[in-house]
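Engineer: Before I ask anything, let me first share the structure, which is written out below as structure tokens.
Numbering (this note's numbering), first residue to last: 242 to 376.
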């Protein structure tokens with residue numbers, strides 16, 4: 242895998258996410274929320290509990306998936322599918338809590354647009370970088 246191609250892909254991905262979020266903010270008049278970088282931005286205590294449950298389930302699921310891939314000869318695609326599923330669940334829960342319990346309920350649009358872009362990017366990266374034949 243070419244490091245330059247991967248770096249360019251990630252730069253374009255972040256640029257597309259930023260551009261789509263900027264456009265959606267303008268179209269739907271969504272206020273930009275102040276969030277701390279790389280922190281746990283939970284909506285309320287219930288969201289915090291559910292989010293931690295998802296994180297623990299993700300860790301356990303990844304450990305089992307790695308075991309199956311390494312020792313039971315399951316394809317590496319299983320790891321990518323499980324990781325993708327947990328990511329989609331995490332973003333969906335966040336979007337639900339943004340829609341239901343925040344002062345700015347339109348924020349869920351930005352969260353769901355980000356996960357849609359990430360899913361499309363994951364599919365493109367899997368095909369472009371031939372990730373399913375690794376191993």
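Every residue gets a Cβ at the ideal spot worked out from N, C-alpha and C, and that includes glycine.
1. If we ignore side chains and look at the alpha-carbon of each, how far apart do residue 277 and residue 333 end up?
2. Quick check on residue 283: does DSSP put it in helix, strand or coil?
3. How would you write the range of the alpha helix (DSSP H) that residue 331 sits in, first residue to last?
4. Measuring alpha carbon to alpha carbon, tell me which residue in 262, 365, 263 is nearest residue 251.
5. Quick one: what does DSSP say residue 253 is sitting in, helix, strand or coil?
6. Could you please give the first and the last residue of the uninterrupted alpha helix (DSSP H) stretch that includes residue 365?
7. Check each candidate in 355, 329, 299, 298 and name the one with the smallest Cα separation from residue 264.
Structural biologist: Concretely, from the data shown:
1. Here residue 277 refers to the residue found at position 36 when the chain shown is read from its first residue. Here residue 333 refers to the residue found at position 92 when the chain shown is read from its first residue. Spanning the two alpha carbons is a distance of roughly 20 Å.
2. Sequence index remark: in the chain shown, residue 283 carries index 42 (1-based). Three-state DSSP puts residue 283 in coil, outside helix and strand.
3. What you label residue 331 is simply residue 90 of the chain shown in a count that begins at 1. Here the alpha helix (DSSP H) through residue 331 covers 318-342.
4. What you label residue 251 is simply residue 10 of the chain shown in a count that begins at 1. It is 365 whose Cα lies nearest to the Cα of residue 251.
5. Position 12 of the chain shown, counting from 1, holds the residue named residue 253. Residue 253 falls in the helix class under three-state DSSP.
6. Translated into positions along the chain shown, residue 365 becomes position 124. Where residue 365 is concerned, the enclosing alpha helix (DSSP H) stretches over 348-369.
7. One-based indexing of the chain shown puts residue 264 at position 23. Comparing Cα-Cα distances from residue 264 to each of 355, 329, 299, 298, the minimum goes to 355.
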